[in-house]
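Asks: The numbering used here puts the first residue of the sequence shown at 16, with every later residue one more than the last.
In this text, a Cβ means the ideal position worked out from N, Cα and C, and glycines have one as well.
The structure follows.
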Amino acid sequence: MAEYINIRGQSIEVLASDPANPTIGQIWYNSTSNTLKGQGATTAGTWATGNNMNTARAYPMRAGTQTAALSSGGEEAPGTTGVTEEYDGTSWTNSNNLNTARQSGAGAGTQTAALDFGGGPGASTATEEYNGATWASSNPLNTGRDYIAGAGTQTAGLAFGGLIPPRTGATEEYDGTSWTSNPTGLNTVRALLGGCGTQTAALAFGGSIPPDTGATEEYNGSTWATSPGSLNTARANFGGDGSQTAAFAAGGQSSPTNAEVELYDGTSWTTNPNSLATARFGAGNSGTQAAGLVFGGYRPVPGYTGATEEFTGPGPVIVTITAS
């Protein structure tokens, strides 16, 4: 039988505790727990259920991370709301409302420095900044629109796509004070799309032309380039976030209402084996591919939801090695 020292050219380390930053393939013996361990890699992301939002709704704007998220506005029964809630990784707490109640706009930034823009009904141009407590109105978008996507930060935001009507590929950049239109818009004009990233490295994916599309585009701060990889399931009206090279898309309004999750690596999309527990469309989202958050949305039955789910993406994991 081959021995580890002959395969790897080294003996197994004996450690009192697991190493802080092990490399994939590293093996050690934990003398405290008397177990043989190794560093492996997960092949699929997993979902965990969090506490529901205080106000069940669809089409909220979003910002922040998995443990410090922000949700503002949205559609609830019987209409549009300006309700704002903060998530601390466990539960949602109400904050001050938007000045202009609306739904299906876009958000960017962090829980304490957020940007909220566009939305409807009525293809709004409204732009508001959040300081962690209250909203202040800022200069409006040049092109008002509903079902818009966004990316970036409060001082370097990006708005793209949406419905005026008609659908538009218009792209605008925000500098912390005002919006500037970019003459180069999306290659695939659409609304109800996903967006994430930064003002100089953004990602646009999915949406409705119509029909629904899986088209994916990358923005370099000047122009949009079509990615060779499209979503495996064309969809619109879904939750998705992350970066230009590591994004996620979850749920959507394909038929039937979708719970599927896909991950983007900068080139192509891969279907994640584990889907959302609550299939829905019009959900809010925040975070990264490694630590994402999906909240709210709409289900044909029974309707608006405040369901919150936390995503842990594929990554390194310590495993205990046992005899087979």
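When the Cα atoms are used, what is the spatial distance from residue 52 to residue 41?
Replies: Roughly 8 Å separates the two Cα atoms.
Asks: Measuring CA to CA, which of 174, 290, 100 is closest to residue 68?
Replies: Comparing Cα positions, the closest option is 100.
Asks: Please specify which runs of the beta strand (DSSP E), each continuous and at least 3 residues long, are wholly inside the stretch 168-239, giving them in chain order.
Replies: Runs of the beta strand (DSSP E) inside the stretch 168-239: 172-175, 186-189, 194-197, 209-212, 217-220, 231-234.
Asks: For residue 284, which of 190, 114, 220 has the nearest alpha-carbon?
Replies: Nearest C-alpha to residue 284: 220.
Asks: Taking a contact to mean a Cβ-Cβ separation below 8 Å, would you say residue 166 touches residue 173 in this structure?
Replies: The answer is yes: Cβ separation under 8 Å.
Asks: Of all the options 226, 235, 121, which has the alpha carbon lying nearest to the alpha carbon of residue 201?
Replies: Of the listed residues, the one whose Cα sits closest to residue 201 is 235.
Asks: Do residue 63 and residue 288 come within 8 Å of each other at the CB atom, strictly closer than that value?
Replies: Contact flag unset, no.
Asks: Using 10 angstroms around the beta-carbon of residue 336, count the other beta-carbons present and answer buried if the total reaches 16, otherwise exposed.
Replies: That one is exposed.
Asks: Cα-Cα, which of 320, 145, 115, 86 is closest to residue 293?
Replies: For residue 293, the nearest C-alpha among the options comes from 320.
Asks: Give a yes or no on contact between the stretch 24-35 and the stretch 323-330, applying the rule of three or more CB pairs nearer than 8 Å.
Replies: With a cut-off of 8 Å, the stretch 323-330 and the stretch 24-35 do not count as touching, because too few Cβ pairs lie within range.
Asks: What residues in its chain sit with their C-beta under 7 Å from that of residue 117, if we drop five residues either side in the sequence?
Replies: Within the same chain, residue 117 has close Cβ partners 88, 95, 134, 135, 139, 141.
Asks: How many Å lie between residue 301 and residue 48 at the Cα?
Replies: The alpha-carbon atoms of residue 301 and residue 48 are separated by roughly 37 Å.
Asks: Between residue 203 and residue 256, what straight-line distance do the alpha-carbon atoms span, to the nearest angstrom?
Replies: Answer to the nearest angstrom: the Cα atoms are 19 Å apart.
Asks: Since residue 297 contacts residue 74 with CB under 8 Å, what's their CB separation in whole angstroms?
Replies: Right, the Cβ-Cβ distance comes to about 5 Å (below 8 Å), so this counts as a contact.
Asks: Spatial neighbours of residue 280 within its chain, please: CB distance less than 8 Å, with the 5 preceding and 5 following residues excluded, ordered by chain position.
Replies: Once the five neighbours on either side are set aside, the close Cβ partners of residue 280 are 260, 261.
Asks: Here's a check: name, in chain order, each residue in its chain whose Cβ is nearer than 6 Å to the Cβ of residue 102, leaving out the five neighbours to either side.
Replies: 84.
Asks: Buried or exposed: which applies to residue 338, given that a residue is buried once 16 or more other Cβ atoms fall within 10 Å of its Cβ?
Replies: When all chains shown are included, residue 338 counts as exposed.
Asks: Tell me which same chain residues have a C-beta within less than 6 Å of the C-beta of residue 179, skipping the five on either side of it?
Replies: Excluding positions up to five away in sequence, the list reads 138, 160.
Asks: In three-state terms, what does DSSP make of residue 331?
Replies: In the structure shown, residue 331 sits in a strand (DSSP, three-state: E or B).
Asks: Measuring alpha carbon to alpha carbon, tell me which of 222, 80, 54 ends up nearest residue 124.
Replies: When only C-alpha atoms are compared, the closest one is 80.
Asks: Would you kindly report the start and end of the unbroken beta strand (DSSP E) that includes residue 142?
Replies: Looking at the DSSP string, the run of the beta strand (DSSP E) that includes residue 142 is 142-145.
Asks: From the DSSP secondary-structure annotation, give me the bridge partner or partners of residue 246.
Replies: Looking at the DSSP assignment, residue 246 forms no beta bridge with any residue, so it has no partner.
Asks: What three-state label does DSSP hand residue 23 in the structure shown?
Replies: Only weak support exists for where residue 23 lies, its pLDDT of 48 falling under 50; the value from the coordinates is given anyway. The answer is helix: DSSP assigns residue 23 an H, G or I state.
Asks: Go to residue 42, then tell me how far its beta strand (DSSP E) extends in each direction, as first and last residue.
Replies: Unbroken beta strand (DSSP E) run through residue 42: 42-45.
Asks: Sort out for me which residues DSSP pairs residue 102 with in a bridge.
Replies: BP columns for residue 102 point to 84, 107.
Asks: Would you kindly check if the distance between the Cβ of residue 171 and the Cβ of residue 214 is under 8 Å?
Replies: In contact: residue 214 and residue 171 (Cβ atoms closer than 8 Å).
Asks: What do you reckon, are the CB atoms on residue 71 and residue 129 nearer than 8 Å?
Replies: No, the Cβ-Cβ distance between residue 71 and residue 129 is not below 8 Å.
Asks: Using a Cβ-Cβ cut-off of 8 Å (strictly less than) and excluding sequence neighbours within five positions of residue 105, which residues of its own chain qualify?
Replies: Taken in chain order, the residues that qualify are 65, 66.
Asks: Would you check if the distance between the CB atom of residue 244 and the CB atom of residue 282 is smaller than 8 Å?
Replies: In this structure, residue 282 lies closer than 8 Å to residue 244 by Cβ.
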